[in-house]
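Read through the structure below, which is laid out as structure tokens, and then see the notes.
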Amino acid sequence: MKESVRMVVVLTVIAMASGFILAQVYHWTYPTIQRNRAQALAGSILAVLPGAVEFNVIEAHPAGGLEDDPTTLRSKPGSDSDPLLLYQGLDGNGNPVGFAFVSEGAGYGGIVKIMVGVGQTDRLISGVAILEHAETPNLGSKIEDESFRSQFVGKGIDDPIALGQDIDKISGATVSSRAVAEAVSRDLGSALQAYKEAANQ
Amino acid sequence: MNKMIKDFLRGLWDEHPTFRIMIGMCPTLAVTTAAINGFGMAVATTFVLVCSSILISVLKKVIPGGVRIPAYIIVIATFVTTVDYIMQAFTPDLHESLGVFIPLIVVNCIILGRAEAYASKMPVVWSAFDALGMGLGFTWGLTLIGSIRELLGSGTVFGFSIMPDGFTPIAILTSPPGAFITLGVLLALMNVVSSKISEKIKAKQQRAAN
Amino acid sequence: MEYLLLFIGTVIVNNFVLVQFLGICPFIGVSKQVSTSIGMGIATTFVMVMAALASWLIQHFILVPLGLEYLQTLSFILVIAALVQLVEMFLHKSIPGLYRAMGIFLPLITTNCAVLGLALNAVLRDYNLGESLVYGFGAGVGFTLALIMIAGIREELEFADIPKPLKGAAIALITAGLLSLAFSGFAGMI
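Residue numbers (our numbering), protein chains in the order written: chain P, 25 to 225; chain H, 8 to 217; chain U, 12 to 201.
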């Protein structure tokens with residue numbers, strides 16, 4: 025009996041000490057982690073919207089629900105229930121220069137997450153950035169190269185944006201290339217539509 | 008003192024976690040696509056290994072035998088989560104490329120194995136040295152595998168270009184099949200080297216005996 | 012349909028062992044005979060489905076409502092350890108025959124990183140309860156499949172004339188590499 029009481033007491037004390045320490049670590053690192061994520065997100069938004077110096081977040085389907093922090097990159101845009109987050113880029117005078125949205129496609133090693141920027145007046149793609157990927161280094165990871173990403177610039181809703189048509193694949197990395205092309209083309213129409221509606225409100 | 012150094016060195020070759028005992032294989036294969044990833048993973052694991060070995064050695068008289076495994080798991084998981092958050096905050100790029108394998112340090116058999124086999128019985132300083140030896144062994148193992156895969160698969164080591172311009176990277180080495188094959192070939196090479204060494208030692212002993 | 016895709020994707024395209032490197036220790040350690048591989052596979056699959064259920068419940072009813080996400084790794088591994096213990100006790104009492112067949116594998120499952128990896132991945136990918144269960148089952152089937160395949164090959168290798176340095180784990184790893192190469196042909200299908 026005495027032994028089993030001791031077991032419970034020791035385990036409880038260790039568990040509580042552990043919980044306390046982890047709470048401290050969490051609260052100590054949390055601001056830095058959030059700042060890293062926000063910086064990474066802001067960096068990629070400004071990278072795909074030339075001329076932008078800051079941005080607004082527009083929730084395009086607010087009726088959908090989902091309370092997701094726009095800085096965590098955890099939202100799944102394009103599905104039915106989640107709102108599509110649009111990042112409206114503003115230039116130095118506060119005038120909109122376009123918008124950016126997150127999209128994803130199934131790559132070789134997992135989900136490929138990208139940021140797509142669209143110009144304000146011409147409604148054409150102004151830039152594509154890769155946010156997350158787990159593609160094979162030196163092969164699929166070449167989707168991060170400027171020479172691949174720049175192919176999307178200037179394309180619009182009337183272009184096919186498909187491998188073999190107006191996008192050249194990276195040799196040896198068809199699946200990774202296709203993931204990006206599909207991610208760009210799939211959500212472009214709905215994002216444009218959503219942005220138009222949001223601008224009219 | 009001599010015995011302590013022996014215990015420390017054991018992890019570096021004779022009982023090398025990767026090449027001899029073959030434990031902690033998941034991160035060994037998964038994160039060694041580049042030298043820096045293997046090195047980062049191994050350093051994180053070594054940190055957890057040394058810290059939890061010390062703490063478990065300190066607490067060895069307090070923890071009753073019946074709940075020792077759950078108690079060890081809590082101690083290890085606490086250090087792992089701490090490392091996880093610290094890396095997320097200060098080395099976000101490395102954290103992203105290691106991904107789920109950082110929390111999975113919890114189930115790395117090296118750590119629980121050393122806790123159960125060594126730290127729960129030996130004094131604190133001894134446990135620390137034993138853990139450090141194992142950790143350093145794991146570190147050179149993972150860094151070596153990462154360097155080989157990065158050198159042949161991408162032509163770089165720690166991101167520095169090494170190979171001449173004409174070199175075509177063997178991309179398969181950075182993909183999952185390459186991990187298995189690289190480690191298999193390395194193990195075979197290690198077997199050759201260590202059998203050569205033991206032959207030499209045997210020959211020497213024989214000569215001494217004669 | 013979605014569940015079927017998730018299942019096939021988990022079993023084959025993203026096979027836990029051969030593509031994601033989860034559960035390598037038992038894959039190399041307990042894969043010398045087909046019969047033991049089957050036992051290990053079934054026991055692991057069972058724990059995986061239970062772990063998927065338990066970790067989903069913990070995540071959505073305890074950790075998230077109380078804002079304790081930082082206890083995720085800790086609570087998941089404790090629950091898996093407890094689950095394995097429970098399964099062991101249950102089998103020991105009610106199905107002793109199965110216990111004798113599977114008993115020796117059960118303690119190994121706690122430190123199988125495929126189980127914890129499955130729980131963490133399911134949360135990371137925001138799976139709902141149904142998806143988590145399918146993911147857990149698929150992971151177990153994929154693990155069993157890989158284990159049986161390598162065990163079958165290793166049984167044959169016993170009789171092959173292999174150079175001495177390659178004997179044992181080295182040739183097993185190279186074989187696993189070739190299997191993984193075959194599985195990489197499925198990549199990008201889903």
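For each residue, glycine too, the CB sits at the ideal point set by N, CA and C.
Note that this is a predicted model, so its numbers are computed, not measured.
message: Among the candidates H:40, H:20, H:174, whose CA atom is the shortest distance from the CA of residue 189 of chain H?
response: Mapped onto the second sequence, residue 189 of chain H falls at position 182. Nearest option by C-alpha distance: H:40.
message: Quick check on DSSP: helix, strand or coil for residue 151 of chain P?
response: Residue mapping note: residue 151 of chain P aligns to position 127 of the first sequence, counting from 1. If DSSP states are grouped into helix, strand and coil, residue 151 of chain P belongs with the strands.
- request: Give a yes or no on whether the C-beta atoms belonging to residue 159 of chain U and residue 186 of chain U are separated by under 9 Å.
  value: Along the third sequence, read from residue 1 onward, the residue named residue 159 of chain U stands at position 148. Along the third sequence, read from residue 1 onward, the residue named residue 186 of chain U stands at position 175. Contact: no.
- prompt: Does the region 217 to 224 of chain P come within contact of the region 139 to 146 of chain H, defined as at least 3 CB pairs closer than 8 Å?
  reply: no
query: Apart from the five residues on each side of it in sequence, which residues of its chain come closer than 6 Å, Cβ to Cβ, to residue 153 of chain P?
result: Here the question's residue 153 of chain P lines up with position 129 in the first sequence. Excluding sequence neighbours, residue 153 of chain P sits near 68, 71, 72, 139.
query: At a CB-CB cut-off below 8 Å, which residues of chain H make contact with residue 185 of chain U?
result: On the third sequence, residue 185 of chain U is found 174 positions in, with the first residue counted as 1. Here the neighbours are 187, 188, 191, 192.
- prompt: Ends of the alpha helix (DSSP H) at residue 78 of chain H?
  reply: Taking the second sequence and counting its residues from 1, one reaches residue 78 of chain H at position 71. Taken as a continuous stretch (DSSP letters only), the alpha helix (DSSP H) holding residue 78 of chain H covers 75 to 97.
task: Can you say whether residue 27 of chain P is buried or exposed, counting buried as having 16 or more other CB atoms within 10 angstroms of its CB?
output: As a first step, residue 27 of chain P is located in the first sequence; it is residue number 3 there, counting from the start. Exposed is the call here.
- request: Taking only the alpha-carbon atoms, compute the straight-line gap between residue 61 of chain U and residue 94 of chain U and give it to the nearest angstrom.
  value: Position 50 of the third sequence, counted from the start, is the residue given in the question as residue 61 of chain U. Position 83 of the third sequence, counted from the start, is the residue given in the question as residue 94 of chain U. Rounded to whole angstroms, residue 61 of chain U to residue 94 of chain U spans 8 Å at the Cα level.
Per-residue contacts from residue 69 of chain H into chain P (C-beta, under 7 Å): Residue numbering aside, residue 69 of chain H sits at position 62 when the second sequence is read from its first letter. Chain P residues near residue 69 of chain H: 34.
query: In its own chain, which residues sit with a C-beta less than 6 Å from the C-beta of residue 15 of chain U, not counting the 5 before and 5 after it?
result: As a position in the third sequence, residue 15 of chain U is number 4, starting the count at 1. Around residue 15 of chain U: no qualifying Cβ.
message: Among the candidates U:91, U:180, U:151, whose CA atom is the shortest distance from the CA of residue 27 of chain U?
response: Sequence index remark: in the third sequence, residue 27 of chain U carries index 16 (1-based). The residue with the shortest Cα to Cα distance from residue 27 of chain U is U:151.
message: In this structure, how does DSSP classify residue 221 of chain P when only helix, strand and coil are distinguished?
response: One-based indexing of the first sequence puts residue 221 of chain P at position 197. The answer is helix: DSSP assigns residue 221 of chain P an H, G or I state.
field: Reduced DSSP secondary structure (H/G/I, E/B, other) of residue 120 of chain H
entry: Taking the first residue of the second sequence as position 1, residue 120 of chain H is located at position 113. Residue 120 of chain H: helix per DSSP, three-state reduction.
message: With H, G and I counted as helix, E and B as strand and the rest as coil, what does DSSP make of residue 37 of chain P?
response: Position 13 of the first sequence, counting from 1, holds the residue named residue 37 of chain P. In this structure, residue 37 of chain P counts as helix in the three-state DSSP scheme.
query: Hey, does residue 76 of chain H have any beta-carbon neighbour from chain U nearer than 9 Å?
result: Within the second sequence, numbered from 1, the residue matching residue 76 of chain H stands at position 69. When Cβ-Cβ separations below 9 Å define contact, residue 76 of chain H makes contact with chain U.
- request: Determine whether the Cβ of residue 66 of chain U lies closer than 9 Å to any Cβ atom of chain H.
  value: Position 55 of the third sequence holds residue 66 of chain U. Not one chain H Cβ lies under 9 Å of residue 66 of chain U.
query: Can a CB atom of chain P be found closer than 9 Å to the CB of residue 74 of chain U?
result: Mapped onto the third sequence, residue 74 of chain U falls at position 63. False, the Cβ-Cβ gap to chain P never drops below 9 Å.
query: Quick one: what's residue 127 of chain P bridged to in DSSP?
result: As a position in the first sequence, residue 127 of chain P is number 103, starting the count at 1. Paired residues: P:138.
message: Just to confirm my understanding: we take residue 95 of chain H, look at its own chain, exclude 5 residues before and 5 after, and list those with CB closer than 8 Å. What are they?
response: Locating residue 95 of chain H in the second sequence gives position 88, counting from the first residue. Cβ within range, chain order: 102.
- prompt: Roughly how many angstroms separate the alpha carbons of residue 185 of chain P and residue 159 of chain P, rounded to a whole number?
  reply: Translated into positions along the first sequence, residue 185 of chain P becomes position 161. Translated into positions along the first sequence, residue 159 of chain P becomes position 135. Using only the alpha carbons, I get a separation of about 21 Å.
- request: Under the assumption that residue 107 of chain H contacts residue 135 of chain U (Cβ atoms under 8 Å), give the Cβ distance between them as a whole number of angstroms.
  value: Mapped onto the second sequence, residue 107 of chain H falls at position 100. Mapped onto the third sequence, residue 135 of chain U falls at position 124. Indeed, because the Cβ distance is near 7 Å, the residues count as touching under 8 Å.
message: Alpha carbons only, please: which of H:75, H:118, H:140, H:205 is nearest the one belonging to residue 252 of chain P?
response: Residue 252 of chain P lies beyond the residue range present for chain P, which begins at 25 and ends at 225; the question has no answer from this structure.
query: In whole angstroms, what is the alpha-carbon distance linking residue 84 of chain P and residue 91 of chain H?
result: As a first step, residue 84 of chain P is located in the first sequence; it is residue number 60 there, counting from the start. As a first step, residue 91 of chain H is located in the second sequence; it is residue number 84 there, counting from the start. Approximately 34 Å between the Cα atoms of the pair.
- request: Pick helix, strand or coil for residue 95 of chain P, following the three-state DSSP scheme.
  value: Here residue 95 of chain P refers to the residue found at position 71 when the first sequence is read from its first residue. Confidence at residue 95 of chain P is low in this model, with a pLDDT of 31, below 50, so its placement is unreliable and no value can be given for it.
- prompt: Would residue 36 of chain P be called buried (16 or more neighbouring beta carbons within 10 Å of its own) or exposed?
  reply: If you number the first sequence from 1, residue 36 of chain P lands on position 12. Exposed: under 16 other Cβ atoms inside 10 Å.
message: Would you say residue 39 of chain U lies against chain H (beta-carbon separation less than 9 Å)?
response: Counting from one through the third sequence, the residue named residue 39 of chain U turns up at place 28. By this cut-off, residue 39 of chain U is an interface position.
Distance CB(residue 55 of chain H)-CB(residue 83 of chain H) smaller than 9 Å: Here the question's residue 55 of chain H lines up with position 48 in the second sequence. Here the question's residue 83 of chain H lines up with position 76 in the second sequence. Yes; because the gap between Cβ atoms is below 9 Å, this pair is in contact.
- request: Entirely within the region 55 to 132 of chain U and at least 4 residues each: give me those alpha helix (DSSP H) ranges in chain order.
  value: Whole alpha helix (DSSP H) segments, 4+ residues: 83 to 105, 107 to 113, 117 to 121.
message: Just to make sure I have the definition right: I need the residues of chain P whose C-beta is within less than 7 Å of the C-beta of residue 198 of chain U. Which are they?
response: Position 187 of the third sequence, counted from the first residue, corresponds to residue 198 of chain U. 132, 199, listed in chain order.
- prompt: In three-state terms, what does DSSP make of residue 169 of chain U?
  reply: Position 158 of the third sequence, counted from the start, is the residue given in the question as residue 169 of chain U. In the structure shown, residue 169 of chain U sits in coil (DSSP, three-state: anything other than H, G, I, E or B).
query: Under the rule that 16 or more other beta-carbon atoms within 10 Å means buried, what is residue 210 of chain H, buried or exposed?
result: What you label residue 210 of chain H is simply residue 203 of the second sequence in a count that begins at 1. Flag for residue 210 of chain H reads exposed.
message: Can you tell me whether residue 132 of chain P is helix, strand or coil according to DSSP?
response: Against the first sequence, residue 132 of chain P aligns to sequence position 108. In this structure, residue 132 of chain P counts as coil in the three-state DSSP scheme.
- prompt: Looking only at its own chain, which residues have a Cβ that is under 8 Å from the Cβ of residue 198 of chain P, when we skip the five neighbours before and after it?
  reply: Translated into the one-based positions of the first sequence, residue 198 of chain P becomes position 174. So the qualifying residues of the chain are 187.
- request: Tell me whether residue 201 of chain P is buried or exposed, calling it buried when 16 or more other Cβ atoms sit within 10 Å of its Cβ.
  value: Along the first sequence, one-based indexing puts residue 201 of chain P at 177. By the 10 Å Cβ count, residue 201 of chain P comes out buried.
- prompt: So, is the C-beta of residue 31 of chain U closer than 9 Å to a C-beta in chain H?
  reply: Locating residue 31 of chain U in the third sequence gives position 20, where the first residue counts as 1. Answer yes: the Cβ-Cβ gap between residue 31 of chain U and chain H drops below 9 Å somewhere.
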